[in-house]
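*Asks:*
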DNA sequence: CGTCGCGTTGATTTTGCTCAAGATGGGTGG
DNA sequence: CCACCCATCTTGAGCAAAATCAACGCGACG
């Protein structure tokens with residue numbers, strides 16, 4: 006069960022000590038933002054019963070691209086990355102996975118990408134088959150899954166524009182605005198931004214090299230758009246300016 | 006109603022003359038591949054009753070990014086493109102839309118991208134609201150929509166890898182393999198490939214310029230991987246070689 | 001105290017873009 | 001039916017943005 010302190014969790018673990026045994030999900034910090042937010046308390050009880058808590062250390066891998074999709078996951082704390090690899094090692098990070106996010110939205114036989122923990126993380130795990138069954142009998146759950154898939158689909162379209170047409174500076178600015186917006190949606194401070202991933206990861210997400218990402222951060226810093234990078238936190242100094250760069254104005 | 010001959014439809018229009026009035030959908034050529042394939046004949050009748058046939062000429066625009074998502078569409082013939090624009094005119098084509106494809110999979114308030122016809126096209130149009138209602142009462146329909154969204158999500162992840170990490174040659178090779186595979190899925194010949202879109206469109210899809218696309222085709226032709234480009238058709242001469250380039254081997 | 005991973009910065013190279021000029025070919029009107 | 005026109009495509013030359021190659025700083029950790 007979750008409950009052990011992690012080194013750098015983005016949110017508290019889902020099950021505070023002492024609550025386990027009754028309905029751990031009722032106390033989950035990210036429930037509202039997760040799939041589970043669609044469920045009534047009784048539904049939540051049976052749903053939670055089918056869940057197994059998982060803990061990962063930084064660097065642990067959760068699933069492999071191509072592997073049979075036996076499980077789906079709902080993240081309760083930490084940060085993960087979803088990525089694809091090419092035979093020669095080139096890597097594209099498909100997305101960063103935060104608390105409340107769901108791994109396995111795209112129903113398919115095999116995982117379309119690998120997933121690995123960036124920070125220590127806690128997740129709830131469920132059998133794909135079991136989720137499908139529940140989704141058949143709980144319309145709200147089904148709707149929530151469909152809505153989350155829709156949102157993911159809309160969001161990834163923005164990423165296509167970024168990778169296909171934006172400059173390095175625009176990509177990095179977009180990335181920062183994205184992190185800031187996500188933090189706000191999760192009820193966290195939009196500024197300074199928590200940036201738990203390495204320059205390498207950011208590069209593989211934005212279709213750039215580490216060096217270009219680093220240079221671009223330096224330039225944004227020199228131009229007074231962002232502040233220093235203390236403790237994996239970046240401060241946005243000129244939100245409007247950054248947003249204009251991000252959108253190509 | 007559909008039924009008039011088009012200049013260059015990829016498939017026959019959905020409603021052959023004479024069948025209209027009974028259950029036009031029953032005769033639809035692309036039904037099996039479209040949302041409608043999930044429906045029983047009685048369901049299909051009421052579903053089709055809520056549909057309005059639409060015809061577009063090449064260049065006609067169907068929906069605008071940001072516009073309220075009042076309608077959804079199922080394509081019955083022709084080819085369209087879905088795209089996003091930046092303030093300065095840079096364009097990213099999100100995807101090409103073929104017969105059987107659905108416009109509006111990502112349930113949201115506003116269309117996430119614009120859609121415009123590349124060739125003359127015919128579509129079935131339905132109110133978003135009405136589709137949602139039907140989807141609530143027909144589990145098979147709901148499941149089909151969810152499955153199609155899942156597939157779209159998985160496919161777009163491959164596009165992220167392409168745009169973020171592949172070379173020009175790899176992109177074009179991937180594009181051709183993609184077209185070939187799609188044709189096969191629709192029961193059409195995988196070779197030669199029908200390429201109804203302009204070099205410009207291909208460029209905006211692959212994150213390249215027209216010139217680079219053109220040069221890359223020339224190179225593939227010179228290297229004997231593909232044949233000439235007669236009548237918007239390209240022949241694959243070395244499928245394995247092309248596939249290896251596409252996948253980065 | 002040395003090592004290792006990560007980030008930054010600099011020098012050089014390369015890929016694909018930009019700018020420019022022809023080629024091609026379908027469509028239109030004389 | 002032919003000539004012209006305009007879109008689209010192709011090819012070439014030079015350029016620029018980002019990649020690559022390389023060196024170094026810095027903090028964490030053994």
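Residue numbers (the numbering used here), protein chains in the order written: chain V, 6 to 254; chain R, 6 to 254.
Think of the CB as a built atom: it goes at the ideal place given N, C-alpha and C, for glycine as much as any other residue.
Small disclaimer: the values here were computed from a predicted structure and weren't measured.
So, are the CB atoms of residue 219(R) and residue 123(R) less than 9 Å apart?
*Replies:* no
*Asks:* At which residues does the beta strand (DSSP E) containing residue 111(V) begin and terminate?
*Replies:* Taken as a continuous stretch (DSSP letters only), residue 111(V) belongs to no beta strand (DSSP E), as it is neither H nor E.
*Asks:* Using a cut-off of 8 Å between C-beta atoms, extract the partners of residue 212(R) located in chain V.
*Replies:* Chain V residues near residue 212(R): 168, 169 and 170.
*Asks:* So what does residue 52(R) bridge to, in DSSP terms?
*Replies:* For residue 52(R), DSSP records no beta bridge to any residue.
*Asks:* What span of residues does the beta strand (DSSP E) with residue 155(V) cover, start to end?
*Replies:* Residue 155(V) -> not in any beta strand (DSSP E); alpha helix (DSSP H) instead, spanning 144-170.
*Asks:* Do residue 43(R) and residue 30(R) have their beta-carbon atoms positioned less than 9 Å apart in this structure?
*Replies:* no
*Asks:* Give me the Cα-Cα distance between residue 154(V) and residue 153(R), rounded to the nearest whole angstrom.
*Replies:* Approximately 11 Å between the Cα atoms of the pair.
*Asks:* Quick check on residue 166(R): buried or exposed, where buried means 16 or more other Cβ atoms within 10 Å of its Cβ?
*Replies:* buried
*Asks:* For the beta strand (DSSP E) that residue 232(V) lies in, which residues bound it at each end?
*Replies:* 231-235
*Asks:* Could you name the residues of chain V that residue 162(R) contacts, counting a contact when the two beta carbons are closer than 7 Å?
*Replies:* 89, 99, 117 and 118
*Asks:* Could you give the DSSP three-state label for residue 242(V): helix, strand or coil?
*Replies:* coil
*Asks:* Given that residue 222(R) touches chain V, what residues does it touch there, using C-beta distances under 7 Å?
*Replies:* Below the 7 Å Cβ cutoff, chain V contributes no neighbours of residue 222(R), its closest Cβ being approximately 19 Å away.
*Asks:* Examine the Cβ distances between the stretch 126-140 of chain R and the stretch 86-99 of chain R and report whether three or more of them are shorter than 8 Å.
*Replies:* no
*Asks:* Quick one: using the 10 Å Cβ neighbour count with 16 as the cut-off for buried, is residue 157(R) buried or exposed?
*Replies:* buried
*Asks:* Closer than 6 Å by C-beta to residue 225(R): which residues in its own chain qualify, once you throw out the five before and the five after it? Chain order, please.
*Replies:* 231
*Asks:* For residue 206(R), tell me which candidate among 228(R), 89(R) and 46(R) has the shortest Cα-Cα distance.
*Replies:* 89(R)
*Asks:* Flag residue 134(R) as yes if its beta-carbon sits less than 9 Å from any beta-carbon of chain V, otherwise no.
*Replies:* no
*Asks:* Are three or more beta carbon pairs between the stretch 173-191 of chain V and the stretch 180-192 of chain R nearer than 8 Å?
*Replies:* no
*Asks:* Could you say which of 62(V), 249(V), 53(V) and 105(V) lies nearest to residue 193(V) if we only look at CA atoms?
*Replies:* 105(V)
*Asks:* Around the Cβ of residue 12(R), are there at least 16 other Cβ atoms within 10 angstroms (buried) or fewer (exposed)?
*Replies:* Since pLDDT at residue 12(R) reaches only 37, below the 50 mark, its modelled position is unreliable, and the value read off the structure follows with that caveat. Classification for residue 12(R): exposed.
*Asks:* What did DSSP end up calling residue 60(V) once you bin it into helix, strand or coil?
*Replies:* It is a strand residue.
*Asks:* Using the C-alpha atoms, what's the distance from residue 91(V) back to residue 119(V)?
*Replies:* 12 Å
*Asks:* Quick one: which residues of the stretch 34-45 of chain V get their C-beta closer than 7 Å to a C-beta of chain R? List them in chain order.
*Replies:* none
*Asks:* Determine, for residue 156(R), whether the minimum Cβ-Cβ distance to residues of chain V falls below 9 Å.
*Replies:* yes
*Asks:* Thinking just about the alpha-carbon of each residue, which of 234(V), 52(V), 74(V) and 196(V) is nearest to the one in residue 241(V)?
*Replies:* 196(V)
*Asks:* Quick check: the Cα distance between residue 228(V) and residue 209(V), rounded to an integer number of angstroms?
*Replies:* 24 Å
*Asks:* Say whether chain V places a C-beta atom closer than 9 Å to the C-beta of residue 54(R).
*Replies:* no
*Asks:* What's the gap between the Cα of residue 160(V) and the Cα of residue 47(V)?
*Replies:* 32 Å
*Asks:* Whole angstroms is fine: what's the gap from residue 69(V)'s alpha carbon to residue 163(R)'s?
*Replies:* 15 Å
*Asks:* Would you say residue 253(R) lies against chain V (beta-carbon separation less than 9 Å)?
*Replies:* yes
*Asks:* DSSP three-state label for residue 218(V), please.
*Replies:* helix
*Asks:* Considering only C-alpha positions, which residue in the set 54(V), 213(V), 178(V) and 53(V) is nearest to residue 247(V)?
*Replies:* 178(V)
*Asks:* Output needed for residue 250(R): all residues of its chain with C-beta closer than 7 Å, excluding positions within five of it in sequence on either side, in chain order.
*Replies:* 174, 175 and 178
*Asks:* If you run the structure through DSSP and keep just helix, strand and coil, what is residue 75(V)?
*Replies:* coil
*Asks:* If you draw a straight line from the alpha carbon of residue 253(V) to that of residue 171(V), how long is it in whole angstroms?
*Replies:* 8 Å
*Asks:* Please list the residues of the stretch 143-155 of chain V that have a C-beta atom closer than 8 Å to any C-beta atom in chain R, keeping them in chain order.
*Replies:* 144, 147, 150, 151, 152, 154 and 155
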